Amino acid sequence: MDKDTDWRGAALQMRSDNMDAIAMAQVDAEVYGSGWIKVDVNGSLTRINPIDIVITIKALNKAE
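Shown next as structure tokens:
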């Protein structure tokens, strides 16, 4: 294998992994109502478990 073939193989593997993460997030959207994906600096996608996400909403202090 040469350098060009190695790059192509890595790109195909990343695409496959990203498609898996997207598919899992789509299942989460059906089950939980939302699907979450994290994108890293290299463009790899990772599924985030919706059960692990906590959203905190804080009220704004309004001047009276």
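In this note's numbering, the protein residues as written are 15 to 78.
Glycine included, C-beta positions come from ideal geometry on N, C-alpha and C.
Keep in mind that this is a model prediction, so the values were computed, not measured.
- Of the candidates A24, I51 and L59, the residue whose Cα lies closest to the Cα of D66 is I51.
- Beta-bridge partners assigned by DSSP to K52: T60.
- Under the three-state reduction of DSSP, T19 is assigned to helix.
- Rounded to whole angstroms, A43 and G49 show a C-alpha spacing of 4 Å.
- The Cβ-Cβ distance between G57 and M28 falls below 9 Å.
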